[in-house]
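In terms of this note's numbering, the sequence shown opens at residue 6 and continues consecutively.
One structure is given here, and the rest of the page talks about it.
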Amino acid sequence: MKSPTQKPILALIKEKISSAAFRRYSEQTLWLLLEKVVRLVLGLGVSMWLMRYLGVEAFGKLSYAQSFATLFLPLATFGLTDIITKELILRRFSEGQVLGTAFALRLLGSCLFIAASIGIGYFYEPQQEKFALIFIIVFGYFFTFFDVTLYYFQSEVKSAVVMQLQIFVFVLISILKISFIFLEKSLFFFAIATALETAFNSLVYFLYYHLKKKKDLDLDNKPLDLEIKTAITWQYEKKLSQHFVKLALPLLLSNALMLIYMRTDQIMIEYFLTDTDNGNYAAAVRISELWYFVPMSIAAAVFPAILHAKKEAPQRYQKRLQQLFDLMVWLGISVAFALSLTATWLIKLFAGEAYLGAVGSLQIYAWAGVFVSLGTASGKWLYAESLEKIVFFRTLLGALLNVGANFFLIPLWGIEGAAWGSLFSFALAHVLSNAFHPLLRPLFMLQIRAFLLPLRFWGVFVVKK
Numbered sequence: 006m007k008s009p010t011q012k013p014i015l016a017l018i019k020e021k022i023s024s025a026a027f028r029r030y031s032e033q034t035l036w037l038l039l040e041k042v043v044r045l046v047l048g049l050g051v052s053m054w055l056m057r058y059l060g061v062e063a064f065g066k067l068s069y070a071q072s073f074a075t076l077f078l079p080l081a082t083f084g085l086t087d088i089i090t091k092e093l094i095l096r097r098f099s100e101g102q103v104l105g106t107a108f109a110l111r112l113l114g115s116c117l118f119i120a121a122s123i124g125i126g127y128f129y130e131p132q133q134e135k136f137a138l139i140f141i142i143v144f145g146y147f148f149t150f151f152d153v154t155l156y157y158f159q160s161e162v163k164s165a166v167v168m169q170l171q172i173f174v175f176v177l178i179s180i181l182k183i184s185f186i187f188l189e190k191s192l193f194f195f196a197i198a199t200a201l202e203t204a205f206n207s208l209v210y211f212l213y214y215h216l217k218k219k220k221d222l223d224l225d226n227k228p229l230d231l232e233i234k235t236a237i238t239w240q241y242e243k244k245l246s247q248h249f250v251k252l253a254l255p256l257l258l259s260n261a262l263m264l265i266y267m268r269t270d271q272i273m274i275e276y277f278l279t280d281t282d283n284g285n286y287a288a289a290v291r292i293s294e295l296w297y298f299v300p301m302s303i304a305a306a307v308f309p310a311i312l313h314a315k316k317e318a319p320q321r322y323q324k325r326l327q328q329l330f331d332l333m334v335w336l337g338i339s340v341a342f343a344l345s346l347t348a349t350w351l352i353k354l355f356a357g358e359a360y361l362g363a364v365g366s367l368q369i370y371a372w373a374g375v376f377v378s379l380g381t382a383s384g385k386w387l388y389a390e391s392l393e394k395i396v397f398f399r400t401l402l403g404a405l406l407n408v409g410a411n412f413f414l415i416p417l418w419g420i421e422g423a424a425w426g427s428l429f430s431f432a433l434a435h436v437l438s439n440a441f442h443p444l445l446r447p448l449f450m451l452q453i454r455a456f457l458l459p460l461r462f463w464g465v466f467v468v469k470k
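Right, dumping it as structure tokens:
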């Protein structure tokens, strides 16, 4: 017989994962997810059409150019992503100083990005066609310094704004790609569309931010006091710049290494194998990563809540962190099971029978999503704990292992070897390496407890019963 104090299991689960504040931020997550679902449905259709139109070889060339361009992308972001959000929340400097300083540093980073990617691409890639594709895509990434205003909207938890702007750009570019398919345009036009999407995504945040500030403050009719002028006028602040560089440098290097071991597989496949192999592998990776927006959106939406909890209530901070890790692990495992079981069907549906060589890679690479999700959550923990410097050494290990694994496994097992190399390096860098550093052991325990979530719930249920 159930005791008067005993709670149903559903009530226990709800008690463990809910609170008024957390529900408020969960609503923002739902807004982000809504935007991504729209992107997924439309993007899936356009990608299916594009992959079938281009064919395996041409799609492999386009994917290779995108992978090569993103290798140098950390220079453009300058390591300033969540750091900007954190500084806007802490309010140690004015909004104008934070955004102005970040804008200047990101502009410098974009210039370095252009110089490095085009310079190295010119000497590394002898084929003019592939170098031209790289050049076009790189040019689009140059404009990413305009997206510093995105982090203002994130700090203010205004997901609806971000959603609407992203949907607008994505629909516009999707229509452009469909038009190119109808007009039977060459591969270069699709590289141009990719570049335009990157550039427009950054520019719309910048334009909307300034239009909204003018509207909110009614600049034409009301005099502004000094405080408001300081907030809305972007300024370069040398002291803040030094602070940003100190925090961002290890993150910049870490992000560079992260992209090396997330994209070097496609670069090495191009070196050891063929464009067709690269096309098959790119199809497997593309399908595996279709859902990656979910953990990224969740982590971005709850990060302000986690920072506020750290300032106000350490116990609530730990609870929210564990909730985030629990969700990331079991979401990843669920998706990996589904992708593994339906790989052949998905390849036929998504890309066509010409891409059936991608099935084995998809079944292996699908499990990397578990560790990618954990890595996303781990990044938020590291920022909150001000342990950004450690990221570099952990990621360096993963990058070295991935390059080494690909070097030996690709010649032996082809694109399946590349998938195994990526899975192994993700697991080591995002989870296992944390056990060997004293400062990262609390993170490791959060991750292990997340894997043990069913046993934890069962234990609570048994004790209550």
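Here a beta-carbon is modelled for each residue, glycine too, at the ideal position from N, C-alpha and C.
Quick caveat, the model's predicted, so the values are computed rather than measured.
Boundaries (first-last residue) of the alpha helix (DSSP H) holding Trp350: Ala348 to Phe355
Under the rule that 16 or more other beta-carbon atoms within 10 Å means buried, what is Leu460, buried or exposed? exposed
In terms of residues, what are the limits of the alpha helix (DSSP H) holding Asn285? Asp280 to Ser293
If you reduce the DSSP assignment to three classes, tell me which class His442 lands in. coil
Residue environment, Gly337, which counts as buried when at least 16 other CB atoms sit within 10 Å: buried
Residue environment, Trp463, which counts as buried when at least 16 other CB atoms sit within 10 Å: exposed
Answer with buried or exposed for Trp350, where buried requires no fewer than 16 other C-beta atoms within 10 angstroms of its C-beta. exposed
Three CB pairs or more closer than 8 Å across the segment 323-335 and the segment 393-410: no
Assuming the contact rule is C-beta atoms closer than 8 Å, Ile94 and Leu256 should be a hit. Round their C-beta distance to whole Å, please. The Cβ separation is near 17 Å, so there is no contact.
Is the distance from the Cβ of Ala434 to the Cβ of Leu402 below 8 Å? yes
Please name the residue, chosen from Ala359, Gly365 and Glu358, that lies closest to Leu346 on a Cα-to-Cα basis. Gly365
Using CA coordinates, which residue listed in Leu59, Ala121 and Gly101 is at the minimum distance from Thr75? Ala121
Neighbourhood of Ile183 by C-beta distance below 8 Å, restricted to the same chain and skipping five residues each side: Val51 and Trp54
Rounding to the nearest angstrom, what Cα-Cα distance links Leu417 and Ile186 in this structure? 37 Å
Check this for me: beta carbons of Val153 and Leu104, under 8 Å apart or not? yes
Going by Cα to Cα distance, which pick from Leu117, Phe431, Gly426 and Val299 is closest to Val377? Phe431
Under the three-state DSSP convention, the category Leu17 falls into: In this prediction, Leu17 has a pLDDT of 41, which is less than 50 and means its spatial position is unreliable; what the coordinates show is noted afterwards. Looking at Leu17 - three-state DSSP - the assignment turns out to be helix.
Note down the Cα distance separating Ala382 from Pro300, rounded to an integer number of angstroms. 8 Å
Do Ala288 and Tyr360 have their beta-carbon atoms positioned less than 8 Å apart in this structure? yes
Ala81 - containing alpha helix (DSSP H), residue span: Leu78 to Thr82
Which one of Ile453, Val290, Lys324 and Pro309 has the shortest CA to CA distance from Ala425? Correcting the residue type first, residue 425 is Trp in the shown sequence and not Ala. Cα-wise, what sits closest to Trp425 is Val290.
Might you give, ordered along the chain, the residues of its own chain that have their beta carbon closer than 7 Å to the beta carbon of Asp225, omitting 5 neighbours on each side? Because Asp225 carries a pLDDT of 49, less than 50, the predicted location of this residue cannot be relied on, and no value is offered for it.
DSSP three-state assignment for Lys220, whether helix, strand or coil: helix
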